[in-house]
Amino acid sequence: MENKDNQGLVIRTTGSWYNVLLADGAIVECRLRGNFRIRGNKQTNPIAVGDRVVFQPLDDGTGMITAVDDRRNCIVRRATKLSKQTHVIAANIDLLCLVATLGFPRTSTGFIDRMLVTAEAYHIPAVIIFNKCDLYNDELWQLHNEVKAIYHNIGYPVFEVSALTGLGIDAIKDLIAGKVSLFSGHSGVGKSALLNAIDPSLHLRTGDVSDWSLKGKHTTTFAEIHPIKLDNKANGSEESQNASCASYLIDTPGIKEFGMVDFTPEELSHFFPEMRSRLHNCRFANCTHRHEPGCAIKEAVETGEINPERYQNYLNIIESIESDEPIRR
Ligand SMILES: Nc1nc2c(ncn2[C@@H]2O[C@H](COP(=O)(O)OP(=O)(O)OP(=O)(O)O)[C@@H](O)[C@H]2O)c(=O)[nH]1
Ligand SMILES: [Mg+2]
Ligand SMILES: [Zn+2]
């Protein structure tokens, strides 16, 4: 019989220590039992933030983790480019908040699409949050509107915010209320700043963006879950009712390239919603939508129903799948 007091949520992992949050709000520092069976030896981290664990309390106030609950889902990437090992960014996620910026630094649609494909593959709802909108000039607003249209048209919610001025932050509070939300994106896009704007009591460290490269400085170095309380006005809406439930924000280190795990060229188009809905019209069931005759996807690209940039990113991902060694999910 497991004691309910001895289970909790892993909110932070550093080296061999895991901070486990209990239902009453206490945090217990735990280690992993020496002979703990690692789930699949290809993962660099057997336990990730978001895992629910059972532990045995020790006399010194720490704990020994003895079991990990099955995961509802998790987001996994290659540990490094070309690596055969995978790294679990977080487990049991309700929402992927992909934080992007168009100016400083610029997030490419290629990067956005790789992350969206991964979210689709793991059945995790995803939204795109464009931060730093306070820095936009007319030209960047125009570019923004073009990029926004691509994703809006295929059903992904798009948000325009500024962590600096507070623009759009209320909409994000409604979005994340009562959920476990993972914030991911390049270094320097303002993930930590955004979390601070949602809950100013977090006081997360934010970095500079170096002038010469407009690249971030990898200020956040490990993933951490922050339980937050929302102060949304009670107006009786469904969102504000959710606000009384616990909300969890996961801040993560910036990602340079998103190394994807385990897709075959034949299945990739299932993770592009605008392709998924047209697949049954291709002549061949295993069509990869490149050079096959009677391809409904290529046809839709030609008529402009499928965005050519998304299609190009699709081709690029297939190419990288074919040149990389596959690793199983
Ligand atoms: N002008 C402007 N600057 C912002 C905004 N949000 C964040 N910044 C700045 O962008 C820089 C990077 O912000 P961080 O929050 O550290 O970025 P991050 O995504 O957490 O970066 P890593 O932790 O390195 O992955 C900081 O100097 C922030 O002050 C914004 O909305 N507008
Ligand atoms: Mg950060
Ligand atoms: Zn096809």
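Just so you know, the numbering used here puts 988 at position 251 of the sequence shown, and the rest follows in order with no gaps. Glycine included, each C-beta is placed from N, C-alpha and C at the ideal position.
Proximal residues to residue i (C-beta, below 6 Å), its chain only, five neighbours per side dropped
{"i": "residue 1043", "result": "1011, 1037"}
{"i": "residue 853", "result": "863"}
{"i": "residue 979", "result": "Bear in mind that a pLDDT of 46 at residue 979, under 50, signals an unreliable position, so the number given afterwards is only what the model happens to contain. Result list for residue 979: 914, 915, in chain order."}
{"i": "residue 918", "result": "832, 834, 986"}
{"i": "residue 1013", "result": "1007"}
{"i": "residue 1021", "result": "1029"}
{"i": "residue 1027", "result": "none"}
{"i": "residue 811", "result": "825, 828"}
{"i": "residue 836", "result": "866, 868, 920, 922, 926, 928"}
{"i": "residue 1031", "result": "1020"}
Cut-off 8 Å between Cβ atoms - residues of its own chain near residue i, not counting five sequence neighbours on either side
{"i": "residue 993", "result": "923, 924"}
{"i": "residue 824", "result": "780, 781, 782, 813, 814, 815, 816"}
{"i": "residue 1056", "result": "none"}
{"i": "residue 943", "result": "927, 929, 930, 933, 956"}
{"i": "residue 788", "result": "746, 747, 805, 806, 808, 828, 829"}
{"i": "residue 1016", "result": "1006, 1007, 1024, 1033, 1034"}
{"i": "residue 908", "result": "896, 898"}
{"i": "residue 1086", "result": "Past the edges of the chain, shown from 738 to 1066, lies residue 1086, and the structure says nothing about it."}
Of the listed residues the options, nearest to residue i (C-alpha basis)
{"i": "residue 752", "options": "786, 807, 760", "result": "786"}
{"i": "residue 770", "options": "795, 940, 1017, 957", "result": "795"}
{"i": "residue 991", "options": "1023, 838, 940", "result": "838"}
{"i": "residue 859", "options": "878, 876, 833", "result": "833"}
{"i": "residue 800", "options": "810, 758, 829, 906", "result": "758"}
{"i": "residue 821", "options": "884, 998, 745", "result": "998"}
{"i": "residue 868", "options": "920, 804, 1027, 761", "result": "920"}
{"i": "residue 941", "options": "805, 908, 988", "result": "988"}
{"i": "residue 808", "options": "790, 754, 798, 802", "result": "790"}
{"i": "residue 743", "options": "1004, 761, 945", "result": "761"}
{"i": "residue 750", "options": "1015, 1028, 1027, 958", "result": "958"}
{"i": "residue 893", "options": "857, 875, 876, 907", "result": "857"}
{"i": "residue 798", "options": "756, 1041, 911", "result": "756"}
{"i": "residue 1059", "options": "909, 1004, 906", "result": "1004"}
{"i": "residue 877", "options": "754, 843, 855", "result": "843"}
Cβ pair residue i, residue j closer than 7 Å
{"i": "residue 831", "j": "residue 916", "result": "yes"}
{"i": "residue 1000", "j": "residue 814", "result": "no"}
{"i": "residue 1023", "j": "residue 1033", "result": "no"}
{"i": "residue 962", "j": "residue 748", "result": "yes"}
{"i": "residue 866", "j": "residue 896", "result": "yes"}
{"i": "residue 1025", "j": "residue 1002", "result": "yes"}
{"i": "residue 901", "j": "residue 870", "result": "no"}
{"i": "residue 802", "j": "residue 792", "result": "yes"}
Cut-off 7 Å between Cβ atoms - residues of its own chain near residue i, not counting five sequence neighbours on either side
{"i": "residue 872", "result": "840, 841"}
{"i": "residue 973", "result": "At residue 973 the pLDDT is 45, less than 50, meaning the model places this residue with poor confidence; the figure from the coordinates comes in the next sentence. Same-chain partners within the cutoff: there are none."}
{"i": "residue 984", "result": "913, 914, 915, 916, 965, 967"}
{"i": "residue 885", "result": "895"}
{"i": "residue 851", "result": "995, 997, 1054"}
{"i": "residue 880", "result": "839"}
{"i": "residue 1040", "result": "none"}
{"i": "residue 906", "result": "898, 934, 935"}
Per DSSP, the bridge partner or partners of residue i
{"i": "residue 764", "result": "758"}
{"i": "residue 789", "result": "746"}
{"i": "residue 834", "result": "864, 920"}
{"i": "residue 800", "result": "767, 794"}
{"i": "residue 1002", "result": "DSSP output for residue 1002 lists no bridge partner at all."}
{"i": "residue 897", "result": "867"}
{"i": "residue 963", "result": "986"}
{"i": "residue 828", "result": "811"}
{"i": "residue 805", "result": "790"}
{"i": "residue 751", "result": "754"}
State whether the stretch 995-1008 contacts the stretch 871-891, with contact taken as three or more CB pairs (one from each stretch) at a distance under 8 Å. When C-beta atoms of the stretch 995-1008 are compared with those of the stretch 871-891, fewer than three pairs fall below 8 Å, so the two segments do not count as touching.
Count Cβ pairs between the stretch 927-937 and the stretch 759-771 that sit closer than 8 Å; are there 3 or more? With contact defined as three or more Cβ pairs closer than 8 Å, the stretch 927-937 and the stretch 759-771 are not in contact.
With a threshold of 8 Å, are at least 3 pairs of Cβ atoms found where one atom belongs to the stretch 839-848 and the other to the stretch 1040-1055? Enough Cβ pairs lie closer than 8 Å, so yes.
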